[in-house]
DNA sequence: TTGAAAGCGCTAACAG
DNA sequence: CTGTTAGCGCTTTCAA
């Protein structure tokens, strides 16, 4: 009942296992193995339903045809959409994806990288949390392909695919300003990551460029692991203490969603007198009444770029001198609704 | 620069690799290896940052500590939410998840199972498509733990975790009937899977129990790979040809979302004269104006059950006679909004 | 209490 | 053109 091994095939076909191996790996031609032998062996392979044991192959060749995907939370639509597309393209090249969620916890992220390492994944796609620079550096030193995305780690020379978050923040704030908003609150997550910071900086710059002084009172940082109640509470404080707020810019998709729930709960209407802008486009924002304007990230392109870089590095000759790292910055698109 | 192997550790510690292996696997006690040796070896392991090569270990032991997750589409919130929870519990037991999306394509599903097989994943969690019964049977014959979820394959004796879809369909239809609806359309996906069928049967039964004759004119089956335009077109036909419709029951989350977009586009108001019910709860339905009533599936419980069954089978002694398969049917909850 | 050695299934260098 | 053989890194039996 055990699956057949290459040995069984060889025995049944009355050839050596080398021959079978060559046929398996498409090297039959090059080795000038006779047509008949190939035919016979292939027949037996089919007949016995033989599938090479990938684990043994991996041990021997050192590659697992597996890519490790490390994100913040696979159930976040942004990440699951990326995961979906990456999987698709990788599958076509014979790669599988194994994923893990960090929950923004550097210790967990580090642990995940360790697990992936011991499992010998061929390449890493990481939405990094601060504090894992060293681990990534280690990967790089070992010449393992790595692409980071969503957030950049500025002091690391590594492939990355990000969007222009500064521009994203700027465009959102500018839109609100042009709509006559004077007191635009900024609600964000309490994690010091590059992409979030840049969204804020863009927002700040837009205010300054239009002669508005950023108000620290209306800058709210919500802990990543905050409960719904806690988030609501913080938003309540924001609005209670700053009744003059006439717009809110949410720096992440899930905070915007929570914000919408909160506003609904307190029955604060979103209308000409009070506007909302979110980051990332999702069905929720399109379908909301009124629809919510968003800074849209080109998810498809992001995924495409990531997997392109990975596959290209995977197929490159590692002994050659390292080519330039890919640094991709994609534009965001402001969608007015 | 190559990572240290067990051999390196042994050499440096001046013991045999057997000793190191025993220490690594917590068998030091049982083998009565001296405290000092253990200390010394552990020190060196830490010092060299040695991590056992999981691939080699897998080849030897035959298990990979990896669970294969096969779903319809990882970017569907229902599946990504399940994926998230499964990952979490599996991680705590030292298991990793590798996922794949079938897109409801039996050929792809079969291919995925093959890939997972050759990669020797220890267990399978599958949201099955019709047509892969044989492959699953094969897995079962090989005594590999399998749990299917979301949909059941009625002729297979396999562990499953599903919700009571009949009841779900019934409750939704009954709700609409009690709200005075007379012409309730049923919009569903064109895939003959058990769970979708049962949703329909529940709906049908509810109508019959209340003396309403199901109308085949208002039963729409939309191909799984339908484009947005095509879906819209089919919905348009539904409404154009059946102006008497006063409610729609969407049998899947994504169809309901598309439906909401369509209704918005044609400006058909959802109000006392026209109601919508969806399957699966999502932010979109909560936040919609008016909010949409849904048949809620207990995602957390589903994930929990799945992983419990898997871990339990994984830890069970395979040589023992197969215990009863777990057949879990969880109730749905109708949420009136 | 520890070590030697076989072998998991496969690839590939080398020999014929 | 095909076969022999040496490992990849680890676990585990058996012996000492």
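Chains as they are written, first to last, in UniProt numbering: chain B, 1 to 337; chain H, 1 to 337. From the three backbone atoms N, C-alpha and C, an ideal C-beta is built for every residue, glycine too.
Practice task
Return the CA-CA distance between residue 309 of chain B and residue 326 of chain B, expressed in angstroms with no decimal places.
Solution key: Within the first chain, numbered from 1, the residue matching residue 309 of chain B stands at position 309. Within the first chain, numbered from 1, the residue matching residue 326 of chain B stands at position 326. In this structure, the CA atom of residue 309 of chain B is about 7 Å from the CA atom of residue 326 of chain B.
Handout entry: Residues of the region 266-282 of chain B whose Cβ lies closer than 8 Å to any Cβ of chain H, in chain order
Key = Of all residues in the region 266-282 of chain B, none has a Cβ within less than 8 Å of some Cβ in chain H.
Problem - N- and C-terminal bounds of the alpha helix (DSSP H) containing residue 207 of chain B - result: As a working mapping, residue 207 of chain B is identified with position 207 in the first chain. It spans 194-209 - the alpha helix (DSSP H) in which residue 207 of chain B sits, taken as one unbroken run.
Problem - residue 277 of chain H and residue 250 of chain H closer than 9 Å at C-beta - result: Position 277 of the second chain, counted from the first residue, corresponds to residue 277 of chain H. Position 250 of the second chain, counted from the first residue, corresponds to residue 250 of chain H. Closer than 9 Å, so yes.
Handout entry: Close beta carbons around residue 66 of chain H, own chain, < 7 Å, minus the five adjacent residues each side
Key = Residue numbering aside, residue 66 of chain H sits at position 66 when the second chain is read from its first letter. Answer for residue 66 of chain H: 95, 96, 98, 121, 122, listed in chain order.
Handout entry: Rounded straight-line distance, which links the Cα of residue 245 of chain H to that of residue 195 of chain B
Key = As a position in the first chain, residue 195 of chain B is number 195, starting the count at 1. As a position in the second chain, residue 245 of chain H is number 245, starting the count at 1. Rounded to the nearest whole angstrom, the C-alpha separation of residue 195 of chain B and residue 245 of chain H is 48 Å.
Exercise for the section: With 9 Å as the threshold, decide whether the Cβ of residue 261 of chain B is near any Cβ in chain H. Expected result: Within the first chain, the letter at position 261 stands for residue 261 of chain B. Interface residue, yes.
Practice task
Could you work out which residues of chain H lie near residue 301 of chain B, taking near to mean beta carbons separated by less than 7 Å?
Solution key: The residue you call residue 301 of chain B lines up with position 301 of the first chain. Within chain H, no residue has its CB atom less than 7 Å from the CB of residue 301 of chain B, the nearest being about 16 Å off.
Exercise for the section: Run the CB neighbour count on residue 57 of chain H, radius 10 Å, all protein chains shown included, and call it buried at 16 or more, exposed below. Expected result: Translated into the one-based positions of the second chain, residue 57 of chain H becomes position 57. Buried.
Exercise for the section: Say whether chain H places a C-beta atom closer than 9 Å to the C-beta of residue 74 of chain B. Expected result: Position 74 of the first chain, counted from the start, is the residue given in the question as residue 74 of chain B. Closer than 9 Å: yes.
Exercise for the section: Go through its chain and collect everything with a Cβ distance to residue 177 of chain B's Cβ below 6 Å, but skip five positions before and after it. Expected result: Position 177 of the first chain, counted from the start, is the residue given in the question as residue 177 of chain B. Leaving aside the five residues that flank residue 177 of chain B on each side, the residues in its chain whose CB is nearer than 6 Å to its CB run, in chain order, 210.
Practice task
Might you give, ordered along the chain, the residues of its own chain that have their beta carbon closer than 6 Å to the beta carbon of residue 87 of chain B, omitting 5 neighbours on each side?
Solution key: Here the question's residue 87 of chain B lines up with position 87 in the first chain. For residue 87 of chain B, where only same-chain residues beyond five positions count, the Cβ hits under 6 Å are 97.
Practice task
Check residue 19 of chain B in the structure and name its three-state DSSP category.
Solution key: Mapped onto the first chain, residue 19 of chain B falls at position 19. In the three-state reduction of the DSSP assignment, residue 19 of chain B falls in the helix class, which pools H, G and I.
Handout entry: Residues that residue 123 of chain B bridges to, as DSSP identifies them
Key = Here residue 123 of chain B refers to the residue found at position 123 of the first chain. For residue 123 of chain B, which the question treats as bridged, DSSP gives the partners B:67.
Problem - With 16 other Cβ atoms within 10 Å as the buried cut-off, status of residue 84 of chain H - result: Within the second chain, numbered from 1, the residue matching residue 84 of chain H stands at position 84. When all chains shown are included, residue 84 of chain H counts as buried.
Exercise for the section: Give every residue of the same chain whose Cβ lies closer than 8 Å to the Cβ of residue 80 of chain B, excluding the five residues on either side of it in the sequence, and list them in chain order. Expected result: By one-based count along the first chain, residue 80 of chain B stands at place 80. Same-chain partners within the cutoff: 74.
Exercise for the section: Return yes when the Cβ of residue 147 of chain B is within less than 9 Å of the Cβ of residue 132 of chain B, no when it is not. Expected result: Counted from its first residue, the first chain places residue 132 of chain B at position 132. Counted from its first residue, the first chain places residue 147 of chain B at position 147. Residue 132 of chain B is not a Cβ neighbour of residue 147 of chain B, given a cutoff of 9 Å.
Problem - is_contact[residue 287 of chain B, chain H] using C-beta, thresh 9 Å - result: Translated into the one-based positions of the first chain, residue 287 of chain B becomes position 287. Closer than 9 Å to some Cβ of chain H, the Cβ of residue 287 of chain B qualifies, so yes.
Practice task
Would you check if the region 292-308 of chain B and the region 5-17 of chain H touch, i.e. whether three or more CB-CB distances between them fall below 8 Å?
Solution key: Taking a contact to require three or more Cβ pairs closer than 8 Å, the region 5-17 of chain H and the region 292-308 of chain B do not qualify as touching.
Exercise for the section: Put residue 35 of chain H into one of helix, strand or coil per three-state DSSP. Expected result: If you number the second chain from 1, residue 35 of chain H lands on position 35. Three-state DSSP puts residue 35 of chain H in a helix.
Problem - Per-residue burial, residue 46 of chain B [other beta carbons within 10 Å of its own, 16 or more giving buried] - result: For this step, residue 46 of chain B is matched to residue 46 along the first chain. Exposed is the call here.
Practice task
Spell out whether any CB of chain H is found under 9 Å from the CB atom of residue 77 of chain B.
Solution key: Locating residue 77 of chain B in the first chain gives position 77, where the first residue counts as 1. At least one CB of chain H lies nearer than 9 Å to the CB of residue 77 of chain B.
Practice task
Could you please give the first and the last residue of the uninterrupted alpha helix (DSSP H) stretch that includes residue 303 of chain H?
Solution key: Numbered from its first residue, the second chain carries residue 303 of chain H at position 303. Residues 299-315.
Exercise for the section: Starting from residue 338 of chain B, follow the beta strand (DSSP E) in both directions and report where the run begins and ends. Expected result: This structure does not reach residue 338 of chain B, given that chain B is present from 1 up to 337, and the question cannot be answered.
Problem - Closest residue to residue 179 of chain H among H:55, H:169, H:336 (Cα-Cα distance) - result: By one-based count along the second chain, residue 179 of chain H stands at place 179. Nearest C-alpha to residue 179 of chain H: H:336.
Problem - residue 264 of chain B (DSSP reduced to helix, strand or coil) - result: Against the first chain, residue 264 of chain B aligns to sequence position 264. Three-state result, residue 264 of chain B: helix.
Handout entry: Reduced DSSP category for residue 101 of chain H - H, G, I as helix; E, B as strand; rest coil
Key = Here the question's residue 101 of chain H lines up with position 101 in the second chain. Annotated three-state conformation of residue 101 of chain H is strand, per DSSP.
Exercise for the section: Rounded to whole angstroms, what's the CA-CA distance from residue 92 of chain B to residue 208 of chain H? Just pull it up for me. Expected result: Position 92 of the first chain, counting from 1, holds the residue named residue 92 of chain B. Position 208 of the second chain, counting from 1, holds the residue named residue 208 of chain H. Taking the Cα positions, residue 92 of chain B is about 48 Å away from residue 208 of chain H.
Handout entry: Rounded distance between the beta-carbons of residue 216 of chain B and residue 242 of chain B, thought under 8 Å
Key = Here residue 242 of chain B is taken as the residue at index 242 of the first chain, counted from 1. Here residue 216 of chain B is taken as the residue at index 216 of the first chain, counted from 1. The pair is not a contact, with the Cβ atoms about 11 Å apart (cut-off 8 Å).
Practice task
Please report how far the alpha carbon of residue 113 of chain B lies from the alpha carbon of residue 62 of chain H, in whole angstroms.
Solution key: In the first chain, counting from the first residue as 1, residue 113 of chain B sits at position 113. In the second chain, counting from the first residue as 1, residue 62 of chain H sits at position 62. Looking at the two C-alpha atoms, the distance is approximately 23 Å.
Practice task
For the region 269-289 of chain B and the region 143-162 of chain B, state whether three or more C-beta atom pairs, one from each stretch, are separated by less than 8 Å.
Solution key: Not touching, per the Cβ criterion.
Practice task
Could you please give the first and the last residue of the uninterrupted beta strand (DSSP E) stretch that includes residue 188 of chain B?
Solution key: In the first chain, counting from the first residue as 1, residue 188 of chain B sits at position 188. That run of the beta strand (DSSP E) goes 184-189.
Problem - Where residue 6 of chain H falls: helix, strand or coil (DSSP) - result: For the purposes of this step, residue 6 of chain H is identified with residue 6 of the second chain, where counting begins at 1. Of the three classes helix, strand and coil, the one that applies to residue 6 of chain H here is helix, per DSSP.
Problem - residue 223 of chain H, buried or exposed, once every other Cβ within 10 Å from all chains shown has been counted against 16 - result: Position 223 of the second chain holds residue 223 of chain H. When all chains shown are included, residue 223 of chain H counts as exposed.
Handout entry: Nearest candidate by alpha-carbon position, reference residue 3 of chain B, set B:129, B:153, B:50, B:219
Key = Residue 3 of chain B sits at position 3 when you count from the first residue of the first chain. Residue 3 of chain B has its Cα closest to that of B:50, out of B:129, B:153, B:50, B:219.
Handout entry: Contact list for residue 223 of chain H against chain B, beta-carbon separation under 8 Å
Key = In the second chain, the residue the question calls residue 223 of chain H occupies position 223. By Cβ distance, chain B contributes nothing, its closest Cβ being about 19 Å from residue 223 of chain H, past 8 Å.
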